[in-house]
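Written below as structure tokens is the structure these notes are about.
2 protein chains.
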Amino acid sequence: MNIPANFPASTAMKSTAPKVTIEVVAKKAGVSKGLVSFALNNRPGVSPETRVRILEVAKELGWKPSLRARSLSTQRSYALGLVIARNPDVLASDPFFPSFIAGVESILAPEGRALVLSVVPDEETELHTYRSLVADGRVDGVFVSDLRHNDARIPLLAELGLPAVTLGRPDGPSPFPAVTVDDTPGVMASVAHLATLGHRRIAHVAGSSTLLHGLRRRAAFAAALEAAGLPAGQTVETDFSVAAGSDATRRLLTQDHPPTAIVYANDPMAIAGLGMAHELGVRVPDELSITGYDDIDFCRYVYPPLTTVSAAPMVWGRSAASTLLTLMENGSADDVDLPAARLVVRGSTAPPSDR
Amino acid sequence: MNIPANFPASTAMKSTAPKVTIEVVAKKAGVSKGLVSFALNNRPGVSPETRVRILEVAKELGWKPSLRARSLSTQRSYALGLVIARNPDVLASDPFFPSFIAGVESILAPEGRALVLSVVPDEETELHTYRSLVADGRVDGVFVSDLRHNDARIPLLAELGLPAVTLGRPDGPSPFPAVTVDDTPGVMASVAHLATLGHRRIAHVAGSSTLLHGLRRRAAFAAALEAAGLPAGQTVETDFSVAAGSDATRRLLTQDHPPTAIVYANDPMAIAGLGMAHELGVRVPDELSITGYDDIDFCRYVYPPLTTVSAAPMVWGRSAASTLLTLMENGSADDVDLPAARLVVRGSTAPPSDR
DNA sequence: GATTCCCACTGAACCGGTTTAGAAAAGGCT
DNA sequence: AGCCTTTTCTAAACCGGTTCAGTGGGAATC
């Protein structure tokens with residue numbers, strides 16, 4: 005740590021900080037602390053003129069109530085929490101969270117609320133993290149993402165009495181509002197698109213079946229095949245990671261009657277699948293059609309560009325944040341159903357070559 | 005928001021919470037509040053037996069000091085901040101932050117500290133965000149990433165008196181410790197690798213020159229060419245985004261004497277470049293060699309797999325977090341130089357075909 | 001035995017807000 | 001005018017810790 009001599013010492017600069025507290029404002033306005041507090045939080049019981057005067061003095065003195073003091077007396081933290089339990093590899097290749105968080109922030113920042121983020125390695129730590137966030141009073145509410153079958157977080161959060169919003173609808177009972185982007189239509193549209201092109205052997209590289217969205221996309225895949233009058237397709241389960249997507253693709257393509265099209269449960273796996281197809285000398289889309297899910301930025305720029313399903317994580321983040329704030333304010337909030345993800349057709353899908 | 009009748013109401017569950025405070029502990033242990041505080045923070049002035057007794061009572065009662073109360077009296081928040089100012093697109097395609105944050109968390113969590121994350125759209129908002137984090141006392145220290153030329157954050161943070169750690173060494177004077185991964189050797193190794201293979205026309209798709217790491221990689225590129233006795237290479241500046249990487253590649257490849265190798269300032273752009281090469285019918289690595297930077301997960305699974313430079317963002321996160329904690333504890337901390345990023349040779353580089 | 005010193009410990013102030021009980025002032029009604 | 005109600009405002013308690021000045025007792029010093 006090098007401190008050049010000419011650099012202003014940090015301590016020297018914050019010389020005369022007069023610490024303007026509510027007490028100072030009260031004195032200057034000639035009223036009691038309590039009244040200043042009332043005026044600030046526009047509570048009844050303050051005459052209009054006094055209120056104005058107090059607020060003027062406050063502004064003049066540049067007073068901002070201390071978040072810490074306020075936290076102590078109100079027992080709230082004015083912050084929301086997001087706990088992410090994901091394998092670091094999967095997390096790193098999936099742009100969902102950065103976008104989601106950007107959306108959340110766009111709502112929280114103007115409200116003066118902060119986002120406390122925790123990234124944890126496994127589910128046990130995850131539950132523990134929720135507990136300590138509550139015990140420490142770090143957050144007033146949380147986002148629950150990556151819902152799992154019979155998710156243990158729902159009853160835990162209910163027990164802790166912590167307001168929460170779920171990203172998607174849990175499969176069990178839940179006292180919390182859900183903000184949902186239905187992914188079923190997108191997956192069904194993918195399959196329908198492939199069926200229309202003439203594909204009959206369509207496989208699915210599914211995500212983890214412990215995750216609801218993994219399960220749901222898989223079910224949608226099966227349903228869509230049936231709707232199209234096609235036989236059940238081969239399904240390979242993965243953990244959503246790029247590596248697993250690659251492996252699954254190899255397995256599918258090196259068997260006797262390989263599929264002519266593969267529907268992937270997310271884009272990173274689809275991109276890995278594209279790479280694997282190239283490696284195996286299988287031409288896309290001539291010999292193999294590929295679809296992804298999420299419409300991450302990469303999709304447009306790989307070759308061929310990826311047919312995929314476009315969700316809108318940023319909008320999701322905004323909506324989830326608003327819903328959570330409403331819940332905390334009113335004690336209740338309605339479920340929100342965002343527009344379903346839509347199929348975006350690009351170059352990675354084409355009619356099958358054989359037959 | 006649907007509450008099934010059989011679901012335990014959240015309020016019903018937190019029925020009798022006896023609120024165990026320091027007062028309760030003190031009473032039960034037969035000592036004063038102050039002494040409990042002393043015992044807890046192992047301060048001198050408490051006899052060994054009393055200390056043990058107090059701690060036993062505390063454990064028995066399950067007492068955890070209130071973070072909020074502690075925050076108010078110590079004027080600290082026990083949280084660290086990370087402010088990210090990036091175009092959402094770039095942020096989404098770059099897995100640096102998720103990994104970095106995972107590393108940071110692995111250090112903070114055991115210490116009982118939280119990470120407050122802010123994602124902001126531009127630099128002005130960024131500075132404002134730092135100010136309010138301090139004004140609200142949300143954090144005790146911050147990470148400064150994506151250093152820019154003559155970075156305005158350094159003097160601001162110094163003025164605010166907020167402890168900070170910079171990711172990389174700023175180009176101006178800085179009172180803060182820097183945790184650095186030198187990216188120069190990696191870029192130089194890339195160029196040397198290409199030169200050894202026989203490439204003579206090597207181009208660079210650079211990142212934004214407002215960012216120090218963009219500038220540095222660009223300088224390293226130029227220096228490496230010179231060291232290899234090659235003429236200055238063509239350089240196209242971008243904003244690090246996938247889209248820009250794709251455009252830059254098209255421009256480079258559709259000119260008269262296209263380069264036989266391109267060194268990209270990050271992996272996402274390299275992957276986009278790979279896609280563009282395919283689209284233009286330029287075979288990689290036969291007609292064009294490509295190198296990236298960061299070694300993101302995708303590199304291994306695109307085709308051909310990408311030769312790149314491997315940094316270790318997670319280790320970087322851990323190291324930055326430790327350094328920041330040390331700084332806050334001791335009032336000073338040493339710079340840390342992490343092992344330089346290393347070249348990883350994969351399939352996207354080969355000897356040039358022509359000549 | 002008196003003085004000094006040190007150590008363990010207490011009581012109260014303090015951090016900076018919110019909240020409540022109740023006093024003072026203002027207004028309404030007969 | 002006298003009484004009751006309502007409104008405006010104050011004082012003090014409270015949130016739950018930390019910190020500091022000061023008390024009391026025991027050992028060490030002379």
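As you go down the protein sequences, you meet chains A and B in turn. Numbering-wise (our numbering), the first sequence opens with residue 5 and increments by one. Numbering-wise (our numbering), the second sequence opens with residue 5 and increments by one. Each residue gets a CB set at the ideal place from its N, CA and C atoms; glycine is no exception. All values reported here derive from a predicted model rather than from experimental measurement.
Spatial neighbours of A:H203 in its own chain (CB-CB distance under 7 angstroms, excluding positions within 5 residues in sequence) are listed in chain order as T264, A265, S293 and P356.
For B:A33 and B:V61, the gap between their C-alpha atoms comes out near 6 angstroms. Under the rule that a run must span 4 or more residues, the alpha helix (DSSP H) segments found entirely inside the region 279 to 353 of chain B read 317 to 334. Under the 8 angstroms Cβ criterion, the region 150 to 162 of chain A does not count as touching the region 183 to 194 of chain A, having fewer than three qualifying pairs.
Look at the region 193 to 219 of chain A: it has no residue with a C-beta under 8 angstroms from a C-beta of chain B. Pairing A:F147 with A:G85 gives a Cβ-Cβ distance under 9 angstroms.
Where B:H132 is concerned, the enclosing alpha helix (DSSP H) starts and stops at E127 to A139.
For B:F147, the nearest beta carbon of chain A is not closer than 9 angstroms to its own beta carbon.
Judged by DSSP in its simplified three-state form, A:H217 adopts helix. Here B:S250 is not near A:P125, since their CB atoms are 9 angstroms or more apart. B:R142 and B:V120 do touch by the CB rule: their CB atoms are close to 5 angstroms apart, below 8 angstroms. Inter-residue distance for A:T330 and A:V169 is about 10 angstroms (C-alpha atoms, whole angstroms). Taking C-alpha positions only, B:D98 is separated from A:H132 by approximately 29 angstroms. For A:G233, the closest Cβ of chain B is not nearer than 9 angstroms. The Cβ neighbour count for B:V56, taken over all protein chains shown within 10 Å, is under 16; the residue is labelled exposed. Rounded to whole angstroms, A:D260 and B:T353 show a C-alpha spacing of 33 angstroms.
In the DSSP assignment, A:H208 is bridged to A:T239 and A:V267.
With distances taken between CA atoms, B:A247 lies nearest to A:C303 out of A:G285, A:C303, A:S194 and A:R221.
Residues of the region 54 to 79 of chain B with a Cβ closer than 8 angstroms to any Cβ of chain A, in chain order: K68, S70, L71, R72, A73, S75, L76 and Q79. Annotation: the continuous alpha helix (DSSP H) that includes B:S194 extends over T188 to L201. With fewer than 16 other Cβ atoms inside 10 Å of its own Cβ, B:E64 counts as exposed. Counting along the chain, B:S122 sits inside the beta strand (DSSP E) bounded by residues A118 to V124.
A:A156 has a beta carbon lying at 9 angstroms or more from every beta carbon in chain B. Taking a beta-carbon distance threshold of 9 angstroms, A:E333 does not count as an interface residue toward chain B. The beta-bridge partner set that DSSP reports for B:G145 consists of B:L84. Residue pairing by DSSP places B:R152 opposite B:L215 in a beta bridge. A direct Cα-Cα distance of roughly 15 angstroms separates A:V35 from A:W67.
Minimum Cα-Cα distance from B:S75 among the listed residues B:D341, B:A113, B:D140 and B:I58 corresponds to B:D140. A Cβ-Cβ contact shorter than 9 angstroms links A:V313 with A:R346. If only complete runs of 4 or more residues are kept, the region 56 to 112 of chain B shows the alpha helix (DSSP H) at 71 to 78 and 92 to 97, in order along the chain. When secondary structure is reduced to three states using DSSP, A:T184 falls in the strand class. For A:H282, the chain B residues whose C-beta falls within less than 7 angstroms of its own C-beta are Y307, listed in chain order. With a threshold of 16 other beta carbon atoms within 10 Å, A:G321 meets it and is buried. Distances from the CA of A:V123 to each of A:D144, A:G107 and A:D150 were compared; the closest alpha carbon is that of A:D150.
The Cβ-Cβ distance between B:P92 and A:A96 does not fall below 9 angstroms. C-alpha of A:A30 to C-alpha of B:D341: approximately 52 angstroms in a straight line.
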